[in-house]
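Asker: Heads up: the sequence shown at position 207 corresponds to 538 in my numbering, and the numbers run straight through without jumps.
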Amino acid sequence: MNMQPTSVIAAAADIASSQRPSVAKSWLKAIEITARIEHQPHRLLADVIAGHAAAAPDRPAILSDHQSLSYAELATRIAGYTDWAIAQGIAKDDTVCLLMPSRPDYLAAWLGITRIGGVVALINTQLIGASLAHCIDVAQARHIIVAHDLLDAFAGARPHLTTGPRLWRHGGTIDETSIETALAAGSDLPDRQPRDVTLDDLALLIYTSGTTGLPKAARVTHRRVMSWAGWFGGLTDARPDDRMYNCLPVYHSVGGVVAPGSMLMAGGSVVIAEKFSASRFWDDIIRWDCTLFQYIGELCRYLLQAPPAPRETRHRLRLVCGNGLRGDIWEAFQNRFAIPRILEFYASTEGNFSLYNVEGKPGAIGRIPSFLAHRFPAAIVQFDAEAGLPMRDAEGRCIRCAPGEAGEAIGRIGEADARGGRFEGYTSAAESDKKVLRDVFAPGDAWFRTGDLMLRDDQGFFHFVDRIGDTFRWKGENVAASEVAETLAACPGVIDTSVYGVAIPHSDGRAGMAALVVDAGFDLAALYRHATERLPVFARPLFVRLRPALEITGTFKQKKQQLIDQGFDPATISDPLYVADPTACSYVPLDETTYRRIVNGEVRV
332 MNMQPTSVIA AAADIASSQR PSVAKSWLKA IEITARIEHQ PHRLLADVIA GHAAAAPDRP
392 AILSDHQSLS YAELATRIAG YTDWAIAQGI AKDDTVCLLM PSRPDYLAAW LGITRIGGVV
452 ALINTQLIGA SLAHCIDVAQ ARHIIVAHDL LDAFAGARPH LTTGPRLWRH GGTIDETSIE
512 TALAAGSDLP DRQPRDVTLD DLALLIYTSG TTGLPKAARV THRRVMSWAG WFGGLTDARP
572 DDRMYNCLPV YHSVGGVVAP GSMLMAGGSV VIAEKFSASR FWDDIIRWDC TLFQYIGELC
632 RYLLQAPPAP RETRHRLRLV CGNGLRGDIW EAFQNRFAIP RILEFYASTE GNFSLYNVEG
692 KPGAIGRIPS FLAHRFPAAI VQFDAEAGLP MRDAEGRCIR CAPGEAGEAI GRIGEADARG
752 GRFEGYTSAA ESDKKVLRDV FAPGDAWFRT GDLMLRDDQG FFHFVDRIGD TFRWKGENVA
812 ASEVAETLAA CPGVIDTSVY GVAIPHSDGR AGMAALVVDA GFDLAALYRH ATERLPVFAR
872 PLFVRLRPAL EITGTFKQKK QQLIDQGFDP ATISDPLYVA DPTACSYVPL DETTYRRIVN
932 GEVRV
């Protein structure tokens, strides 16, 4: 049963005496903000920004080396994209693709286009060729805005396209294809009445790698945008004088919506760095006078691996927020860099529940307070690794895990009008259905499969264990093993391929490894070129293992677990092993010396 906002707030207030005041205050603020969102169904994030622009026009909204915008300037820029969308005849639910680096205008573009009911597909700038074309085609876009420095990538995808979106170039030479020309023309349009766009309308398509295959487009409504901004704004206690440093890709939900949204909701500022740099990180934090930054686990590990420097503690950070900070480095990270508070969370773009470690317990990804169980309906069920499915009892029901027992995390899917448990799915109904587990604990119930193994300790805190299936995470990105395998299989000399992730000490996620069966025409340098030309950096296998044959199950599925368990140690593997060498532009033999340097963290991978 859903609790009303007032009763939820009262319940949260009751726990203040039993928890640290900062914890209770964080939950209260988040609940209050998200409750207000539900009472204003026509108020979008662009409207919130317009309100700040009216109240404090000169307050900085977005800061970067490329361009900085006050709230008034950001509101004007958003309005320009709204006018452009109207001038182009973009109707409600029409899609525009956005292929741009992390820059302030990226946010202005999607905020403006979605304000009148358009949908913006946020395209991964690391994709090339067929993968990039797939994402554009899935969106069924009428228009695509491409940064001038990404035109070559778009040109490489064009032969693979089955759709024909109109190209608009952002930056570079001004001509008839320039978005700047169109924006200037749009400013002369008469005032237009806003369309009837509500929280329930679709705002964004954000791509996510599922258990198999090419990226899928997750549907993100305006409610989801506002909820993300509200929850994180509340839990971080965001204020107008805050500055959030964001060096995560803006085409992902965290870097593109959560981090900027939490600040813009509160009237604070977001600093956008085009990419992460360990050597420049603390200089940027100090130069921009940041009070928060958004992280992923890999970023934290890279910072720890960098040589110590006095500037790394000369900041005024009060909190850092993110996901993937593992327990083995949590305290070292917090102590070395003098971080007052860490807010670790768990969520996925398409998922229907989130976890927040408001208490800052090292190694945990969060817990669900009892008064919010209806908003975050989650369970952990026993999982059959061989079958790749949750286990069922004699009555066909899933089995809840005991404390300390690892299983798949699932979230109950609520009714369409329920505040908790929403699952908005993908653009493909078939792909959406694959993520739904039915008849879990009762006839007819439906639960979202996260694809993540977790365990819950005796205090109720959730801990991440591993990914399930053929998807592994590397360099902050999900890698679909089947897509990589399909790409490598097209390389001359490759007969069969199995792709999987292997753990490397001192690194987060799993590095890609390809076990190959090859013929006499196979060439390692050719394989390296083939992967480089067709796969984004994060998806290219770091290791190659040559096998006489690949084992399969009785149902013709590849047996990967033994390969995963064996890793990449040349001392225990008799097969030829190779590692990617960018200097040689090839895969070179992996010997004991190189192996030791990798596992000791002496080689950056």
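In this text, a Cβ means the ideal position worked out from N, Cα and C, and glycines have one as well. Since we're looking at a predicted model, the values are computed, not measured.
So cysteine 578 is in the alpha helix (DSSP H); what residue range does that whole segment cover?
Answerer: For the purposes of this step, residue 578 is identified with residue 247 of the sequence shown, where counting begins at 1. Element bounds for cysteine 578: n/a, residue is neither H nor E.
Asker: With burial defined as no fewer than 16 other Cβ atoms inside 10 Å of the residue's Cβ, what is the status of glutamate 882: buried or exposed?
Answerer: One-based indexing of the sequence shown puts residue 882 at position 551. Flag for glutamate 882 reads exposed.
Asker: Taking 7 Å as the CB-CB limit, is glutamine 471 close to chain D?
Answerer: In the structure shown, chain D cannot be found, because there is only a single protein chain.
Asker: Taking Cβ positions, are glycine 738 and phenylalanine 714 nearer each other than 7 Å?
Answerer: Residue 738 sits at position 407 when you count from the first residue of the sequence shown. Residue 714 sits at position 383 when you count from the first residue of the sequence shown. Going by C-beta atoms, glycine 738 is nearer than 7 Å to phenylalanine 714.
Asker: Could you tell me which residues DSSP pairs with cysteine 729 in its beta bridges?
Answerer: As a first step, residue 729 must be located in the sequence shown, where it is residue number 398. Per DSSP, Arg723.
Asker: With DSSP run on the structure shown, which of helix, strand or coil describes threonine 542?
Answerer: The sequence position of residue 542 within the sequence shown is 211, counting from 1. Legend: pLDDT at threonine 542 = 39, less than 50; position of this residue unreliable, value from coordinates given subsequently. The answer is coil: DSSP assigns threonine 542 none of H, G, I, E or B.
Asker: If you run the structure through DSSP and keep just helix, strand and coil, what is isoleucine 362?
Answerer: For the purposes of this step, residue 362 is taken as residue 31 along the sequence shown, with counting starting at 1. Note: isoleucine 362 maps to helix in three-state DSSP.
Asker: So, under 8 Å CB-CB, glycine 832 and alanine 816 are touching, yes? Tell me the CB distance rounded to an integer number of Å.
Answerer: Mapped onto the sequence shown, residue 832 falls at position 501. Mapped onto the sequence shown, residue 816 falls at position 485. Rounded, the Cβ-Cβ distance is 12 Å, inconsistent with contact.
Asker: Please list the segments of the beta strand (DSSP E) lying wholly inside the segment 787-837, counting only runs of 3 or more residues, in order along the chain.
Answerer: Counting only runs of 3 or more, we get 793-798, 802-805, 808-811, 825-833.
Asker: Cutting at 6 Å between CB atoms, please list the residues of its own chain near tyrosine 626, excluding the five before and the five after it.
Answerer: As a working note, residue 626 is residue 295 in the sequence shown. Counting only Cβ-Cβ distances below 6 Å, and skipping sequence neighbours, we find Val651, Gly653.
Asker: List the DSSP bridge partners of isoleucine 476.
Answerer: Taking the sequence shown and counting its residues from 1, one reaches residue 476 at position 145. According to DSSP, residue pairing for isoleucine 476 in a beta bridge involves Leu429, Trp499.
Asker: Take valine 451 as the anchor and find which of His474, Glu643, Pro435, Ile459 has the nearest alpha-carbon.
Answerer: As a working note, residue 451 is residue 120 in the sequence shown. When only C-alpha atoms are compared, the closest one is His474.
Asker: For the segment 456-471 against the segment 487-494, do three or more pairs of beta-carbon atoms, one drawn from each stretch, fall closer than 8 Å, so that the two count as touching?
Answerer: yes
Asker: Can you give the Cα-Cα distance for aspartate 827 and arginine 743, rounded to whole angstroms?
Answerer: For the purposes of this step, residue 827 is identified with residue 496 of the sequence shown, where counting begins at 1. For the purposes of this step, residue 743 is identified with residue 412 of the sequence shown, where counting begins at 1. Cα to Cα, aspartate 827 sits roughly 39 Å from arginine 743.
Asker: Below 7 Å between beta carbons: does that hold for cysteine 822 and leucine 858?
Answerer: In the sequence shown, residue 822 corresponds to position 491, counting from 1. In the sequence shown, residue 858 corresponds to position 527, counting from 1. Cβ distance < 7 Å, so cysteine 822 and leucine 858 count as in contact.
Asker: Between arginine 667 and asparagine 577, what straight-line distance do the alpha-carbon atoms span, to the nearest angstrom?
Answerer: Position 336 of the sequence shown, counted from the start, is the residue given in the question as residue 667. Position 246 of the sequence shown, counted from the start, is the residue given in the question as residue 577. Roughly 21 Å separates the two Cα atoms.
Asker: To test your reading of the DSSP string, which unbroken alpha helix (DSSP H) runs of 4 or more residues are found completely within the segment 574-645?
Answerer: If we require 4 residues or more, the alpha helix (DSSP H) runs fully inside the segment 574-645 come out as 590-597, 612-618, 628-636.
Asker: Flag this pair as yes or no: are the beta carbons of glycine 752 and asparagine 683 separated by less than 7 Å?
Answerer: Indexing the sequence shown from 1 puts residue 752 at position 421. Indexing the sequence shown from 1 puts residue 683 at position 352. It is a contact, given that the beta carbons lie within the stated cut-off.
Asker: Report the option in Tyr582, Val601, Val581 whose CA atom is closest to the CA atom of alanine 296.
Answerer: Nothing about residue 296 can be read from this structure; the chain reaches only from 332 to 936.
Asker: Between Met575, Asp854, Val848, which has its C-alpha nearest arginine 649's C-alpha?
Answerer: Start at 1 with the first residue of the sequence shown, and residue 649 comes out as number 318. Taking only the C-alpha atoms, the option nearest arginine 649 is Met575.
Asker: What's the call for glycine 592, buried or exposed, on a 16-neighbour Cβ count within 10 Å?
Answerer: For the purposes of this step, residue 592 is taken as residue 261 along the sequence shown, with counting starting at 1. Buried, by the Cβ-count rule.
Asker: Thinking C-beta only, is alanine 377 closer than 7 Å to arginine 446?
Answerer: Here the question's residue 446 lines up with position 115 in the sequence shown. Here the question's residue 377 lines up with position 46 in the sequence shown. Cβ atoms of arginine 446 and alanine 377: closer than 7 Å.
Asker: Since lysine 356 and glutamate 629 are thought to touch, with beta carbons under 8 Å apart, how far apart are those beta carbons, to the nearest angstrom?
Answerer: Within the sequence shown, numbered from 1, the residue matching residue 356 stands at position 25. Within the sequence shown, numbered from 1, the residue matching residue 629 stands at position 298. Actually they do not touch by this definition, with Cβ atoms about 31 Å apart.
Asker: If we ignore side chains and look at the alpha-carbon of each, how far apart do leucine 623 and alanine 609 end up?
Answerer: Reading the sequence shown from its first residue, position 292 is the one you call residue 623. Reading the sequence shown from its first residue, position 278 is the one you call residue 609. The straight-line gap from Cα to Cα measures roughly 17 Å.
Asker: Are glycine 824 and valine 849 touching if we call contact CB-CB under 7 Å?
Answerer: Indexing the sequence shown from 1 puts residue 824 at position 493. Indexing the sequence shown from 1 puts residue 849 at position 518. Less than 7 Å separates the beta-carbon of glycine 824 from that of valine 849.
Asker: Would you kindly report the start and end of the unbroken alpha helix (DSSP H) that includes cysteine 916?
Answerer: Your numbering for residue 916 matches position 585 in the sequence shown. Annotation for cysteine 916: no alpha helix (DSSP H) segment contains it, and DSSP assigns it neither H nor E.
Asker: Can you give me the Cβ contacts of tryptophan 499 inside the same chain, cut-off strictly under 8 Å, excluding the 5 residues immediately before and after it?
Answerer: Taking the first residue of the sequence shown as 1, we reach residue 499 at position 168. Closer than 8 Å at the Cβ level, and outside the excluded window around tryptophan 499, lie His474, Ile475, Ile476, Val477, Thr508, Ser509, Ile510, Ala513.
Asker: Could you tell me the distance, in whole angstroms, from the CA atom of valine 469 to the CA atom of threonine 903?
Answerer: Here residue 469 is taken as the residue at index 138 of the sequence shown, counted from 1. Here residue 903 is taken as the residue at index 572 of the sequence shown, counted from 1. Distance between the alpha carbons of valine 469 and threonine 903 is about 44 Å.
Asker: Determine the extent of the beta strand (DSSP E) in which asparagine 666 is found, giving its start and end residues.
Answerer: Counting from 1 along the sequence shown, the entry for residue 666 is found at position 335. Where asparagine 666 is concerned, there is no enclosing beta strand (DSSP E), although the alpha helix (DSSP H) it sits in stretches over 658-667.
Asker: Where alanine 777 and leucine 634 are concerned, what is the direct C-alpha to C-alpha distance, given to the nearest angstrom?
Answerer: As a first step, residue 777 is located in the sequence shown; it is residue number 446 there, counting from the start. As a first step, residue 634 is located in the sequence shown; it is residue number 303 there, counting from the start. Whole-angstrom Cα-Cα distance: 41 Å.
Asker: To the nearest angstrom, report how far apart aspartate 724 and isoleucine 730 are at their CA atoms.
Answerer: In the sequence shown, residue 724 corresponds to position 393, counting from 1. In the sequence shown, residue 730 corresponds to position 399, counting from 1. Each residue's alpha carbon lies about 7 Å from the other.
Asker: Skipping 5 residues on each side, what residues in its chain have a beta carbon closer than 6 Å to that of arginine 876?
Answerer: Along the sequence shown, read from residue 1 onward, the residue named residue 876 stands at position 545. Only Ala846, Asp906, Leu908 meet the Cβ criterion.
Asker: Going by alpha carbons, who is nearest to histidine 553 out of Asp912, Arg647, Leu375?
Answerer: Translated into positions along the sequence shown, residue 553 becomes position 222. Taking only the C-alpha atoms, the option nearest histidine 553 is Leu375.
Asker: If we call anything under 7 Å between Cβ atoms a contact, is isoleucine 537 one with leucine 453?
Answerer: Start at 1 with the first residue of the sequence shown, and residue 537 comes out as number 206. Start at 1 with the first residue of the sequence shown, and residue 453 comes out as number 122. Yes. Within cutoff.
Asker: Go ahead and pull the three-state DSSP assignment for aspartate 850.
Answerer: Numbered from 1 along the sequence shown, position 519 holds the residue referred to as residue 850. Aspartate 850 falls in the coil class under three-state DSSP.
Asker: Nearest CA to the CA of tyrosine 412: which residue from Ser399, Val427, Ser401?
Answerer: For the purposes of this step, residue 412 is taken as residue 81 along the sequence shown, with counting starting at 1. Residue Val427 is the option with its Cα nearest to tyrosine 412.
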